[in-house]
Every structure is written in C-alpha cells, then in structure tokens.
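**Q** Protein chains in written order, with this note's numbering: chain A, 2 to 412; chain B, 7 to 283. Just so you know, even glycine gets a beta-carbon here, dropped at the ideal spot from N, CA and C. Bear in mind the structure is a predicted one, so any value in this text is a computation, not a measurement. Quick one: structure below, then a few questions.
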Amino acid sequence: MSMTEAPHTGTLQIEDERQISDTRRELVLNMGPQHPSTHGVLRVVLTLEGETIVSTDPIIGYLHRGVEKIGETRRYSQFTPWTDRTDYVAAPLNNLGYILTVEKLCGIVAPERAQYWRVIMAELSRIASHLVWLGTHALDIGALSMSLYCFRERELILDIFEKFCGARLTTNMMEIGGFSRGIPPGLVEQVESFLQIFPEKQQEYVDLLSANPIWIARTRGVGIIEPDAALDYGLTGACLRGSGINYDIRKAQPYLVYDRMDFDVPLGTHGDVYDRYLVRMEEMRQALRIIRQCLDQVPSDGPLMLNDSNYVIPPHDTVLRTAEDMQRHFVWVIKGFNAPKGEVYVAIEHAKGELGHYIYSDGTANPYRLRIRTPDFVNLQVLPYMAQGSMLADVVALIGTIDIVLGSVDR
Amino acid sequence: MSQDSDPNRKDQQTPPEATSAPAEKLTPAADGDPIQPKDDWAAASPASEISTADEPQSYRSRLGLALASDPDVPTVEPAHDQTGVQVIDSALVYTGYWGPLDESMHPAIIAIRNHFPDAIEEVAFFRDEVTVRIRARFLQDVALMLRDQPELAYRVVSDLTAVDMLNLRATPRFDVVIQLLSIRNRQRLRLKVGIDEQQPCPSLTGIYKVTNWLERECYDMFGITFEGHPDLRRMLLPEDWDEGHPLRKDYPIRGFKQYVQPGFENPAPRVRDYRRD
C-alpha cells in the first residue's frame, strides 16, 4: 500500500512490512493525523526496525487554509484577524509580527506608550504559549496533572487579554499605528497581580518536573540537536538556543523597546529535550522581568495611537465630532490605504522562534504577495534528524519539544 | 531523587554528550548551571557554554559559526530612538540589520562582485533593506560563497519563497526570494532570482538543509521546479491535487472546480476570477 492511499483515520496503524534480509525486518507505521500526541493533525509515517526508528516522514497540510492567498485579497487592515488564526495559542505575537511589517512598509512608528504595551502583551502571550507547550508536552510524556496546572495559570493571562481587548483566544489586539482603545482601568493591577502569583506557580512546575526521575529519563539525552545541525536546519527559538547558539532577535536585532529592557537569554549545553525544557522555563522567568520593567517605564499618560492621516484609522472621538475625520474614517474602512511600493521582511522573536512576514507591495491597497514564515513549520523539519535511531516511544517527546501548533505549520 | 536515577539512565541509553549533565542543572540558579543566564549579550558565547571538559571534542569543534566573543565581530548599537508621536524615516529605526545602504560599501555585494562579476543584475534598497537580484545560473555559487566566507557568514536561510510577477511584468514570471541571515554579523540579505515558467531553479538543498521543505512548499504553491532537489513533492496540498498551484496569480481565489454545496441545487458560482482572460 502506498503512502498516499493509506487510510487517514487510524491513530497508530501498520502500513507496510518488508523483509530486508534474513534477520532484519522493517515495519512502516502510520501515526496520526488524529493521534492525540501530535498536537493537532500531524501525520508521521515511521519506518521501524524493531523499536528503533529508521526514518520519519512528517506529512502536514491537513489544516491548510490558504492564509497567504487570502492575504492577497484582503486590505492591509483587514488581514490582522487572520494572523490570530495561524498560531492560535499566541495570537498577540502574530498580530505584532504582521503589524510591524505593515508599519515598516508604510514608514510609520507607533507611539512610545503603545510600544510598551505591545511588549507587555507580547511577553504575556509568550508565557501563555509556553504554558500550553509545557502542559501538552508533559501530558504526552505522562505527567497528566501538569496540563491542569498550566492551563490554570494560562486562564489568568487570558483574563488579562479579555480585559484589554474583549477576546481571549483570537484577540485581534494590535492595530496599525498602535491601539485604538485605551488601557482599561484596573488592567495594570491585574498584570501586577499576575506577576505576583506566577513565580510561585512556576515553582510548582519545577518541583513536579525538574527533578522527577521519570521526566529526566524521558527527556535527558533524547533528541539531541548539535549546533551546526541546528543552523543547517534553520532552527530558531528555543530549539536553537537549546543547542547553545546565542541568537535571540530581541537581543540581536531589537525591535519595539526591547533594547531598553534588561533580560537574559538562556542557552542549553546539550541540545536535548531536557535542555529545551529548561530554556523555555527560564524564558518565562525572563518574560516576567521584561513585563516588570515595562510596567515601571511605561508612561501612564500619552497617546496610544499614531496620529497619521495616511495609514492609521482616525480616533473614534474625533470621527464623531469632525467632518474631516469622519470622511477619513469612511475612506479608510471602505477603500483602505495604498501602501508604498516596495518589499519588506520583518522578523520578530515569537514564542516558538523567528516569525517573519514578507510583504511585496505594488502600491495598491492589498499586498501583492504576503508571505508568513512561521517558526514551527521550519522547526518541524528537524524531526527526522532527531528521530533517527531513537526509540518509538520517544517520538511523542520529540514532537512535543519542537513546540508546534498545526494551524501555524499549515497556515 | 534525581541523583539516584541518573546513573542508571546514563548507563543505558544516554549518548556521550549528555553524560556530563551535572545534577545541579536541575535548579537553574545554582552554581555550575549550564542555563545560567548571561548578563552581557556580547559576553555570552556558545563556546563558553559548551566548554565542559569531559565532552567529546567533536561537539565543540563542529560549531562552525562565528562566536559572539570573537573580537572582530561588530557590535550593533541599539538603533531605536523612538520618542513620541512622529513619523520618522524607518531607515533610521532599523539601521544595522541589513548593512550599509550603499552598493560600494556593503560587504556582501562587494564580495559577490569580486567573485562573480556577472552575477548581479540589480541592487535595490527599500527602507533599510537590501535586495540583490542575481542571475539564476550563479545562485548556488553565490550562496555557497556567502555561507563560507568567514567575514560574511550567511549561515542561515530564514526564508525561501516566490512571488508571481504575472501582473507586473512580462518576463521572467517568478521571483524566487531568499532571505539570508548572518548570526555572526546580525545582518540580513535578500537574494532574488528571476525564474521563467518552464525554467528550473537551482536547488539550494545541498548548501542549506532548511531549504528542503521551503522549496517543496514553493513547488507546491507556484509550480516552480527546483533542479537537484532530492524529494520534490507537494508539501501542504495533497499529493493527488490536480488543480494546479494556488499562489499563482491566475489561480482563482475559490479554485477552478465547481463544487456542489449540500443544500443548494446549483453549484456555488465562482464570483471572483483572477485569470488573465
């Protein structure tokens, strides 16, 4: 039976069996796309010899929605909600990457206060994404209760998002030019209380996992990525830093106000699953530091939205009071704006790695070409390299450690 | 509790790289912690992180990239000076990530000109970004040179994609766009190659492994064939997809076929058609 004709319904299913020699026999095993530990609809075709993996073929695309094609038919401001749906566990970070790209294309810069709030929301989103990763990764390996604890703390972050913009999952939070809504009263206190609560909750995860013999046995020495292989496969994020390579876009090519923040970049030494676990745990602590500094530095007063007549939606109160802004608002909503001709590529440090948006503009209101370079699509490519020679039971740990969201992989 | 379990684990399965994992690693604040954060970006180098004595030499020596601790690595000054509500030139904001905006000063362009005088067709600057359009037959040579020149060290391909230029020019039809990244210099560079419809593009899989899936996606979405690619299959669409390549500009937004929707007697009309005629 060929791979294309394989039934797509089973979870673990033998597809083929062949005799290589008198003593060796290979087994082709289909895993997914409905397998619970593939974090969505990822299908992996494994070739086994005994319990050892000979080769791996990840097959993706089950969640492909043609987001890039949709982007070509939408105006710049209309596409922001679609970015929520690519990586749906870290929607504000996706918004941020797209919005920064459009702002660079148009040559505008958001006000300082909006930049601080963008950083706060991005770092909260990073913690929320890491919590989902930790919960599901530990669940795959067998620590069932971790997912309950992680999702418990994630609720606190989603509550902050809900207070800030009204939505919890698909936030559509950032806008071209800043934030059109103000900071709701009580939000700062809510973020501060999260900063108070979270460290001791994170200590609970550390107590549960870091010295746990089962956790160590399942993660340490498993899925080693050597540094040059990490570069060859274009890895970014914790997968790259877990192998010891010091590259964090927030430090190397800072955007927004990250160059004013004092934070550290954790690096792994062995490049195994356990190191990537430690790196992500430390990144959550550093995210708390960044949020703390942002709350201290952010101006309590000042504009959140750029006042720009070409590319930014006019403020709501003047739309209701002045004829000019009402007309501008009408034109902005109905026709959009014509971006300058040119092409830009902007990369930000997403929770999973480098999130890049490439826009080729032909001077009209729609992008001529919108490319989304998602980190987990590129990172997933390293799975065959990691899995070769390891045990069948390690595959779930390897898929979990890459930290994929299939909506982002398939776009 | 981990100390009890660790030796057993090491004996059984752990590869030699991992045997040196100290037990103190479990509490990241303790001394000897490999994950110990670095205060200084420039001082934190992979070499110092990996320099554990009992590790195999190969693990370190194969680290073929420039280290941040090298004295000749240029330091990037924080480029942001964003104050208040004003529209400022983005080139000022992002300076330093793409190199100097001058053909005669950009090191990568100089190197390409020196090694392959005929390779460059055009150099374009927009905002602070540098785009070098090169001829397709030089693509592999230029990429190999950019990767291996120690002072350039474009070791990573961030992205490889294409743009269908059908509505904008007559020929060539596609632009293959490659975003290169030099971690050592913290610099990016964009290469562009014009590819016509039936013309194969040289594959970069022998130089950058990451381009395997990226070229497969490019083939899937645009129908560009990559010469020398080991495994050119569809990436995101099913292998038996017979409707062409969706990111081409002549591909209708709702596809070519008429699908009967349940509950409707007539097939859904194709209201938007982007085909040329």
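Assuming A/M32 is part of the beta strand (DSSP E), what are its boundary residues?
**A** For this step, residue 32 of chain A is matched to residue 31 along the first sequence. Taken as a continuous stretch (DSSP letters only), the beta strand (DSSP E) holding A/M32 covers 26-32.
**Q** Taking the C-alpha atoms as reference points, what is the distance between B/R153 and B/Y160?
**A** As a working note, residue 153 of chain B is residue 147 in the second sequence. As a working note, residue 160 of chain B is residue 154 in the second sequence. For B/R153 and B/Y160, the distance between alpha carbons rounds to 5 Å.
**Q** Between B/Y225 and chain A, is any beta-carbon pair separated by less than 9 Å?
**A** By one-based count along the second sequence, residue 225 of chain B stands at place 219. B/Y225 does not count as touching chain A.
**Q** So with CB distances below 8 Å, who are the chain B contacts of A/G33?
**A** As a first step, residue 33 of chain A is located in the first sequence; it is residue number 32 there, counting from the start. What A/G33 touches in chain B: nothing, since even the nearest Cβ is about 15 Å away.
**Q** Is the distance from the Cβ of A/Y63 to the Cβ of A/V29 below 9 Å?
**A** To locate residue 63 of chain A, count along the first sequence from 1; it is residue 62. To locate residue 29 of chain A, count along the first sequence from 1; it is residue 28. Result no, Cβ atoms of A/Y63 and A/V29 do not sit closer than 9 Å.
**Q** Among A/S211, A/H317, A/R153, A/A111, which one has its Cα closest to the Cα of A/E283?
**A** Walking along the first sequence from the start, residue 283 of chain A turns up at place 282. Selected option, being the one with the closest Cα: A/S211.
**Q** Cβ of B/D302 less than 9 Å from any chain A Cβ?
**A** Chain B is shown only over 7 to 283; residue 302 of chain B falls outside these bounds and no answer can be derived.
**Q** What are the residues in the segment 337-368 of chain A lying within 7 Å of chain B by C-beta distance?
**A** Within the segment 337-368 of chain A, the residues whose Cβ lies closer than 7 Å to some Cβ of chain B are G343, E344, V345, Y346, A348, E355, G357, Y359, Y361, D363, listed in chain order.
**Q** My output table needs one value for A/G179: the three-state DSSP class, helix, strand or coil.
**A** Numbered from 1 along the first sequence, position 178 holds the residue referred to as residue 179 of chain A. It is a strand residue.
**Q** Quick check on B/D45: buried or exposed, where buried means 16 or more other Cβ atoms within 10 Å of its Cβ?
**A** On the second sequence, position 39 is the one that residue 45 of chain B refers to. Residue confidence is low: B/D45 scores 44 on pLDDT, short of 50, so the model does not pin down where it sits. No coordinate-derived value is stated.
**Q** Using the Cα positions of B/M111 and B/D165, report the straight-line distance between them to the nearest angstrom.
**A** For the purposes of this step, residue 111 of chain B is taken as the residue at position 105 of the second sequence. For the purposes of this step, residue 165 of chain B is taken as the residue at position 159 of the second sequence. Approximately 25 Å between the Cα atoms of the pair.
**Q** Over the uninterrupted alpha helix (DSSP H) stretch that includes A/P267, give me the two end residues.
**A** Taking the first residue of the first sequence as 1, we reach residue 267 of chain A at position 266. Premise fails: A/P267 is in no alpha helix (DSSP H) and is neither H nor E.
**Q** Evaluate A/P300 with the Cβ neighbour count: other Cβ atoms within 10 Å of its Cβ, from every protein chain shown; 16 or more gives buried, anything less gives exposed.
**A** In the first sequence, residue 300 of chain A corresponds to position 299, counting from 1. It counts as exposed.
**Q** Taking only beta-carbon positions, decide if B/R192 is within less than 9 Å of chain A.
**A** Numbered from 1 along the second sequence, position 186 holds the residue referred to as residue 192 of chain B. So yes, B/R192 belongs to the interface.
**Q** Give the range of the alpha helix (DSSP H) segment to which A/Q287 is assigned.
**A** One-based indexing of the first sequence puts residue 287 of chain A at position 286. It spans 274-298 - the alpha helix (DSSP H) in which A/Q287 sits, taken as one unbroken run.
**Q** For A/N339, I'd like the list of residues in its chain whose CB is within less than 8 Å of its CB, leaving aside the five on either flank, ordered along the chain.
**A** Residue numbering aside, residue 339 of chain A sits at position 338 when the first sequence is read from its first letter. Answer for A/N339: G364, T365, A366, listed in chain order.
**Q** Report the three-state DSSP secondary structure of A/L371 (helix, strand or coil).
**A** Here residue 371 of chain A is taken as the residue at index 370 of the first sequence, counted from 1. Of the three classes helix, strand and coil, the one that applies to A/L371 here is strand, per DSSP.
**Q** Return helix, strand or coil for A/E348, following the three-state DSSP convention.
**A** Reading the first sequence from its first residue, position 347 is the one you call residue 348 of chain A. The residue you asked about is not Glu; residue 348 of chain A is Ala in the sequence shown. A/A348 falls in the strand class under three-state DSSP.
**Q** Taking 9 Å as the CB-CB cut-off, is A/V192 touching chain B?
**A** Along the first sequence, read from residue 1 onward, the residue named residue 192 of chain A stands at position 191. It does not; no Cβ of chain B falls within 9 Å.
**Q** Report the three-state DSSP secondary structure of B/A114 (helix, strand or coil).
**A** Mapped onto the second sequence, residue 114 of chain B falls at position 108. Residue state, collapsed to three classes: helix.
**Q** Just checking, does the segment 41-56 of chain A make contact with the segment 389-406 of chain A on the three C-beta pairs under 8 Å criterion?
**A** The segment 41-56 of chain A vs the segment 389-406 of chain A: in contact.
**Q** Which first and last residues belong to the alpha helix (DSSP H) in which A/R451 is found?
**A** Limits of chain A in this structure are 2 at one end and 412 at the other, which puts residue 451 of chain A out of reach.
**Q** DSSP state of A/G401, grouped into three classes?
**A** Numbered from 1 along the first sequence, position 400 holds the residue referred to as residue 401 of chain A. A/G401: helix per DSSP, three-state reduction.
**Q** What are the boundary residues of the alpha helix (DSSP H) that A/A253 is part of?
**A** What you label residue 253 of chain A is simply residue 252 of the first sequence in a count that begins at 1. Looking at the DSSP string, the run of the alpha helix (DSSP H) that includes A/A253 is 250-253.
**Q** Assuming A/R242 and A/V274 form a contact by the criterion Cβ under 8 Å, report the distance between their Cβ atoms to the nearest whole angstrom.
**A** In the first sequence, residue 242 of chain A corresponds to position 241, counting from 1. In the first sequence, residue 274 of chain A corresponds to position 273, counting from 1. In fact, because the Cβ distance is near 14 Å, the residues do not count as touching under 8 Å.
**Q** By how many angstroms is the C-alpha of A/I54 removed from the C-alpha of A/M174?
**A** To locate residue 174 of chain A, count along the first sequence from 1; it is residue 173. To locate residue 54 of chain A, count along the first sequence from 1; it is residue 53. Rounded to whole angstroms, A/M174 to A/I54 spans 43 Å at the Cα level.
**Q** CB A/L371 to CB A/H351, shorter than 9 Å?
**A** If you number the first sequence from 1, residue 371 of chain A lands on position 370. If you number the first sequence from 1, residue 351 of chain A lands on position 350. Cβ distance not < 9 Å, so A/L371 and A/H351 don't count as in contact.
**Q** Expressed to the nearest angstrom, what Euclidean distance is found between the alpha-carbon atoms of A/R19 and A/L49?
**A** For this step, residue 19 of chain A is matched to residue 18 along the first sequence. For this step, residue 49 of chain A is matched to residue 48 along the first sequence. Their Cα atoms are separated by approximately 10 Å.
**Q** Apart from the five residues on each side of it in sequence, which residues of its chain come closer than 8 Å, Cβ to Cβ, to A/L236?
**A** Taking the first residue of the first sequence as position 1, residue 236 of chain A is located at position 235. Within the same chain, A/L236 has close Cβ partners I226, S244, G354, V379, N380, V383.
**Q** If the cut is a Cβ gap below 7 Å, which residues of chain A does B/E204 touch?
**A** As a working note, residue 204 of chain B is residue 198 in the second sequence. Position check: residue 204 of chain B holds Gln in this sequence, whereas Glu was assumed. What B/Q204 touches in chain A: nothing, since even the nearest Cβ is about 21 Å away.
**Q** Checking 9 Å against the spacing of the C-beta atoms, do A/T102 and A/I314 come in under that value?
**A** As a working note, residue 102 of chain A is residue 101 in the first sequence. As a working note, residue 314 of chain A is residue 313 in the first sequence. No, they are not a contact pair.
**Q** Out of B/L186, B/Q193, B/V199, B/N173, state which residue places its alpha-carbon closest to the alpha-carbon of B/G105.
**A** As a working mapping, residue 105 of chain B is identified with position 99 in the second sequence. With distances taken between Cα atoms, B/G105 lies closest to B/Q193.
**Q** Is the number of C-beta pairs between the segment 117-137 of chain A and the segment 85-95 of chain A that are closer than 8 Å three or more?
**A** Short answer: they touch.
**Q** Do B/D237 and B/N218 come within 9 Å of each other at the CB atom, strictly closer than that value?
**A** As a working note, residue 218 of chain B is residue 212 in the second sequence. As a working note, residue 237 of chain B is residue 231 in the second sequence. Closer than 9 Å, so yes.
**Q** What in chain B is Cβ-close to A/V103, meaning under 7 Å?
**A** Sequence index remark: in the first sequence, residue 103 of chain A carries index 102 (1-based). Those within 7 Å of A/V103 in chain B number zero; the least Cβ separation is about 12 Å.
**Q** Among B/L220, B/G212, B/D226, B/P252, which residue has its Cα nearest to the Cα of B/G234?
**A** For the purposes of this step, residue 234 of chain B is identified with residue 228 of the second sequence, where counting begins at 1. The residue with the shortest Cα to Cα distance from B/G234 is B/G212.
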